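Keeping their order, the protein sequence lines are chains G and X.
So the first sequence is residues 1 to 684, counted in our numbering.
So the second sequence is residues 1 to 120, counted in our numbering.
Ideal placement from N, C-alpha and C gives every residue a C-beta, glycine not left out.
Remember, predicted model here, so these are calculated numbers, not experimental data.
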Amino acid sequence: MPVGTTANSPAPDLALVSQRRVAPLIWLAAAVLILLTWWHVLTLVEQSRQRELAAAEKDLGNLTRLTQEHAIRTLRSADQVIHFVQSRYLEIGERLDLKALTANGVIDSEIFNQVGIIDAKGIYVLSNLPIASRLDLSDRAHFKVHVASDAVGLFVSQPVLGRASGKWSIQMTRRITRPNGDFGGVVVISINPDYFSGFYSALNMGPKGLTALYGVDGVARVRKIGAQEAYGNKATDAAMFGHIQRGQLTGSYTQQSVVDGVQRLYYYRKVPQYDLVVVAGLETQDLLANHRQARNALLLQAGLMTLLVLVIMRYLHRMRLEMAARQHAQLLVEDRTQQLSAIFTMSPDGFVSFDPQRCVKYVSPAFAEMTALAAEQLDGHNEQDFSNWLARRCDSAMPFAGIAALRAKVMDGKPDARELIQMAREPKRMLQVGLRSSESSTVSQILYFRDVTHEFEVDQMKSEFVATAAHELRTPMQSIMGFSEILLSHEIEPSTQKELLTIIHHESGQLAKILDELLDLSRIEARRGRDFRFTDVCLQDLTTDLVKAFMPPAGRAAPELLMQKMPLHVMADAGKLRQALLNVLSNAYKYSPDGGPVVLQIETDETGAAPRAWIHITDQGIGMTPQQRDRVCERFYRADASGKVPGSGLGMRIVKEICEMHGGELTISSNLGLGTRVSFSIPC
Amino acid sequence: MTPVLIVDDHSDIRRLLSITLGKEFEILEAEDAVGALEAVRRHHPKIVLLDVMMPGKMNGLQVLEAIKGNPLTQDILVAMISARGQVADHDDARKRGADAYFVKPFSPLQVANWVRSKAA
């Protein structure tokens, strides 16, 4: 059983503090984990996007290379036909039979709708197709561009709706220059844009994929978006034209289409030697479809990861809170245990608790010290054993009746039953034993022990005093009552009457004196100096007056006075000081019945921390034993037990109280048979 | 005259009792236990008026026991005189053989009446 011991807790406060420090770190780590997860996922998403875009760009690059090659070959084929027709026209003029040349395959007509000659006046004079009338094309750009000079070379027109063919066509023209340098007309080939768009269809660019051939003027020669074909649309705001102007002949970019508003990744290539650009574009939304799936999967994973981290953190947080609460509760319990242990260890009262089976459960150190019954000896024993052990240690004069007897008192309606026992071994302690029943589930009853030895002694002292005081009061009262009764009932001679009345008078005075001293002491003790009136007092004057007024017993000399000449001033209540000195002087005479001088001496003492005045009163009387001297200031103590020396036993107590109220010190030195010296100091 | 011993350390009490009883009885006085036992041995008084609280090694109760415990003196009537008026003190004295118990301040006339009644 742990008696008076406490478990050392491992610095629980520190544990709490460290936990408070760890909590933000855990949350920080969680935040970092979440951020890292998202950073990684977003990086993966971006990389995936970049990869998709790069792959698409590569595909588009290859595609445009293909369309570029297709354009170049087509244009070259057309240009070869133009050169051939140009040469033949210069040779044979309007006799040139284009229809025959085409029909017999001299001219490969696969790539064009029509080939013809516009003469110098702008009249469409020859064609491989039948022409209804002499069509004037002098206002057409592909004619006008060649009139002034031959600088243009091959001209590729914007798509036009052919007046001759009624079909959309791209006109490719070259100037016919006569040998003399004159303008001889223009060879024109009308290429069906379908030739390009048919090829683009075979590329399968998807419903929103774009393949186009643009002029650097920003006008589409052919543009195919999905199945839709278009000719002649303007797209000068497309980024590629700016790039080409800056010399960037090949490249890619992402842009929202200026035509249909769809965002695409475009790849363009300038067609060398021609003012044409091939471009292919794929809808970014379309080409990033796979990427979006992967992205969504990654984002979902990151979200789930974040959720998982948060759930774990919340769990950890709860755990931490619960742990903190548990630790807090544990701390409270430990603190309470320590408090109780300290209280029981330091309590001067002893306690013994019993479990529900009324077996000893706890024994406080104070009980073990009071009774010399060790906790180890009592642990677990029933109350009968306990009672027997305790009873054996008690003095037979005041035995322990046992717990059962105490409980019987409780059953009688005394909830707090007590009894007084005395231990047999020295210092024969008086113990008050109490029993309290408990409703607790772990404690059935508690015995408590209070050491009342001192109170008992004080009670005894009081009883002795009362007896002494009664004796002291009754003795003069006896004389007063007895002699007055005699005087009233007997015939007494006048001389004896006077003698008896003198006794009555003297004893009345004695009675009054004892009563005065009792009242004085009572007042001084009760008021603890509050009724003292401190004034500046010259000790020489006070003691001189005191000695003059003092009435020594018959036949005794007045007290001798020894003092320095220089006046010695103290703060004192003159009346109280006089009373104290009178008591001491009176004792000096009373306890020196065989005479001898009584000396009152005043001196200053500079040896202490503060200067003080000493008043010594010395007699050469009967003196005291050291034991008597030590007790002489106790209330009602009489050094003289004979009763011959009148007194109440209060005088020296009053002197001590007055001295202490002045902040002074009372010392007594005495030798039995040689005399006593009482010294009274006052700060000055 | 019947001898009556008065034992008290206070001379005034001895004087009071001797004035009260002096005309009718032979008064013997002692001021302490030793003197009291000596007077008992020598004069074998018929009655002893004995103070309880006295200076010296023996108090009045012990003197009482000495008188009542001695076959030669146990017939002597002893009245205790005490300032202690509690019942316990009274009973204590009775147990030790006291024939009467007077508490100070007592009436000298009552004491005289008791002495007269016993001396008769």
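Judging by CA-CA distance, which residue of Gly-184(G), Glu-634(G), Leu-447(G) is the nearest neighbour of Val-458(G)?
To locate residue 458(G), count along the first sequence from 1; it is residue 458. Of the candidates Gly-184(G), Glu-634(G), Leu-447(G), the one whose C-alpha sits nearest the C-alpha of Val-458(G) is Glu-634(G).
In chain order, what residues of the same chain lie with their CB nearer than 6 Å to the CB of Tyr-101(X), ignoring the 5 residues before and after it?
Looking up residue 101(X) in the second sequence gives position 101. Around Tyr-101(X): Met-80, His-90, Ala-93.
List the residues of chain X whose Cβ lies closer than 8 Å to the Cβ of Ser-347(G), in chain order.
Position 347 of the first sequence, counted from the start, is the residue given in the question as residue 347(G). Per Cβ cutoff of 8 Å: no residues; Ser-347(G) is ~36 Å from chain X at best.
Met-563(G) bridges to which residues according to DSSP?
Working through the first sequence from its first residue, we reach residue 563(G) at position 563. Beta-bridge pairing links Met-563(G) to Ile-602(G).
For Gly-215(G), count the other beta carbons within 10 Å of its own beta carbon; 16 or more makes it buried, fewer makes it exposed. Which is it?
Counting from one through the first sequence, the residue named residue 215(G) turns up at place 215. It is buried - the Cβ of Gly-215(G) has at least 16 other Cβ atoms within 10 Å.
Tell me the DSSP bridge mates of Tyr-214(G)?
Along the first sequence, one-based indexing puts residue 214(G) at 214. According to DSSP, which records beta bridges pairwise, Tyr-214(G) is partnered with Ala-220(G), Val-277(G).
Is it a yes or a no for the region 570-579 of chain G touching the region 616-627 of chain G, going by three-plus beta-carbon pairs under 8 Å?
With the cut-off at 8 Å, the region 570-579 of chain G and the region 616-627 of chain G do not touch.
Just verifying my parser: in three-state terms, what is the DSSP assignment at Lys-167(G)?
Walking along the first sequence from the start, residue 167(G) turns up at place 167. The answer is coil: DSSP assigns Lys-167(G) none of H, G, I, E or B.
With 8 Å as the threshold, decide whether the Cβ of Ile-47(X) is near any Cβ in chain A.
Given the protein chain composition of this structure (G and X), no chain A is represented.
With a 10 Å radius around its C-beta and 16 neighbouring C-beta atoms as the bar for buried, classify Leu-447(G) as buried or exposed.
Walking along the first sequence from the start, residue 447(G) turns up at place 447. Leu-447(G) should be labelled buried.
Determine contact between the region 534-547 of chain G and the region 490-507 of chain G, defined as no fewer than three beta-carbon pairs at a distance below 8 Å.
At 8 Å Cβ cutoff, the stretches do not touch.
Under a three-way DSSP split, which group does Met-80(X) fall into?
Position 80 of the second sequence, counted from the first residue, corresponds to residue 80(X). Three-state result, Met-80(X): strand.
Could you please give the first and the last residue of the uninterrupted alpha helix (DSSP H) stretch that includes Ala-391(G)?
Here residue 391(G) corresponds to residue number 391 of the first sequence, with the count starting at 1. First-last of the alpha helix (DSSP H) with Ala-391(G): 383-392.
Residues bridged to Arg-246(G) by DSSP?
For the purposes of this step, residue 246(G) is taken as residue 246 along the first sequence, with counting starting at 1. Bridge partners of Arg-246(G): none, in fact.
Looking at chain G, which residues of the region 10-21 of chain X have a Cβ within less than 7 Å of any of its Cβ atoms?
Taking 7 Å as the Cβ-Cβ cut-off against chain G, the residues of the region 10-21 of chain X that qualify are His-10, Asp-12, Ile-13, Leu-16, Ile-19, Thr-20.
Three-state secondary structure (DSSP) at Glu-485(G)?
As a position in the first sequence, residue 485(G) is number 485, starting the count at 1. Looking at Glu-485(G) - three-state DSSP - the assignment turns out to be helix.
Would you kindly work out how many angstroms separate the C-alpha atoms of Asn-59(X) and Ser-440(G), rounded to a whole number?
As a position in the second sequence, residue 59(X) is number 59, starting the count at 1. As a position in the first sequence, residue 440(G) is number 440, starting the count at 1. Their backbone Cα atoms lie some 56 Å apart in a straight line.
Which residues in chain X have a C-beta closer than 7 Å to the C-beta of Gly-482(G)? List them in chain order.
Position 482 of the first sequence holds residue 482(G). Correct list: Leu-16, Pro-105, Pro-108.
Output the distance between the C-alpha atoms of Ser-77(G) and Glu-46(G), rounded to the nearest integer angstrom.
Taking the first sequence and counting its residues from 1, the one referred to as residue 77(G) is at position 77. Taking the first sequence and counting its residues from 1, the one referred to as residue 46(G) is at position 46. Their Cα atoms are separated by approximately 45 Å.
Does Arg-612(G) pass the burial test, meaning 16 or more other C-beta atoms within 10 Å, or should it be called exposed?
The sequence position of residue 612(G) within the first sequence is 612, counting from 1. Burial call: buried.
When the Cα atoms are used, what is the spatial distance from Met-477(G) to Asp-516(G)?
On the first sequence, position 477 is the one that residue 477(G) refers to. On the first sequence, position 516 is the one that residue 516(G) refers to. Met-477(G) and Asp-516(G): Cα-Cα distance of roughly 15 Å.
Quick one, which residues of the region 36-66 of chain X are near chain G if we go by CB-CB under 7 Å, in chain order?
Result list: Met-53, Pro-55.
Cα separation between Leu-137(G) and Leu-126(G)?
Sequence index remark: in the first sequence, residue 137(G) carries index 137 (1-based). Sequence index remark: in the first sequence, residue 126(G) carries index 126 (1-based). Whole-angstrom Cα-Cα distance: 12 Å.
Does any CB atom of chain X fall closer than 8 Å to the CB of Met-1(G)?
Numbered from 1 along the first sequence, position 1 holds the residue referred to as residue 1(G). Low confidence applies to Met-1(G): its pLDDT is 39, below 50, so where it sits in the model is not reliable, and the reading given next is rough at best. No, no contact with chain X.
Along the region 469-495 of chain G, what residues have a CB closer than 9 Å to any CB found in chain X?
For the region 469-495 of chain G, which is checked against every Cβ of chain X, the residues closer than 9 Å are Ala-470, His-471, Glu-472, Leu-473, Arg-474, Thr-475, Pro-476, Met-477, Gln-478, Ser-479, Ile-480, Met-481, Gly-482, Phe-483, Glu-485, Ile-486, Ser-489, His-490, Ile-492.
What is the DSSP secondary structure of Phe-532(G), reduced to helix, strand or coil?
The residue labelled residue 532(G) in the question sits at position 532 within the first sequence. In this structure, Phe-532(G) counts as coil in the three-state DSSP scheme.
Given a threshold of 16 other Cβ atoms within 10 Å of its Cβ, counted over all protein chains shown, does Pro-130(G) qualify as buried or as exposed?
Numbered from its first residue, the first sequence carries residue 130(G) at position 130. That one is exposed.
Please go through the same chain and pick out, in chain order, the residues whose beta-carbon is closer than 7 Å to the beta-carbon of Phe-532(G), but skip the five residues on each side of it.
If you number the first sequence from 1, residue 532(G) lands on position 532. Excluding residues within five positions, the ones whose Cβ falls inside 7 Å are Asp-573, Lys-576, Met-661.
With distances taken between CB atoms, is the gap from Asp-451(G) to Leu-431(G) smaller than 8 Å?
On the first sequence, residue 451(G) is found 451 positions in, with the first residue counted as 1. On the first sequence, residue 431(G) is found 431 positions in, with the first residue counted as 1. For Asp-451(G) and Leu-431(G), yes; Cβs fall inside 8 Å.
Going by CA-CA distance only, name the one from Arg-314(G), Val-156(G), His-471(G) that's closest to Phe-106(X).
As a working mapping, residue 106(X) is identified with position 106 in the second sequence. Ranking Arg-314(G), Val-156(G), His-471(G) by Cα distance to Phe-106(X) puts His-471(G) first.
Assuming contact is defined by CB atoms lying nearer than 8 Å, are Ala-235(G) and Val-259(G) in contact in what I supplied?
By one-based count along the first sequence, residue 235(G) stands at place 235. By one-based count along the first sequence, residue 259(G) stands at place 259. Contact: yes.
Can you name, in chain order, every residue of its own chain whose Cβ lies under 6 Å from the Cβ of Thr-667(G), other than the five neighbours on each side?
Against the first sequence, residue 667(G) aligns to sequence position 667. Answer for Thr-667(G): Ser-679, listed in chain order.
Run through DSSP, which three-state label would Ile-19(X) get?
Within the second sequence, residue 19(X) is the residue found at index 19, counting from 1. Three-state DSSP puts Ile-19(X) in a helix.
Spell out whether any CB of chain G is found under 8 Å from the CB atom of Tyr-101(X).
Working through the second sequence from its first residue, we reach residue 101(X) at position 101. No, Tyr-101(X) does not count as interfacial toward chain G.
Does the region 32-45 of chain G come close enough to the region 173-189 of chain G that 3 or more CB-CB pairs lie under 8 Å?
Not touching, per the Cβ criterion.
Residues of chain G with CB under 8 Å from Arg-96(X), in chain order?
Looking up residue 96(X) in the second sequence gives position 96. Within 8 Å Cβ-Cβ: nothing; Arg-96(X) doesn't reach chain G, min ~18 Å.
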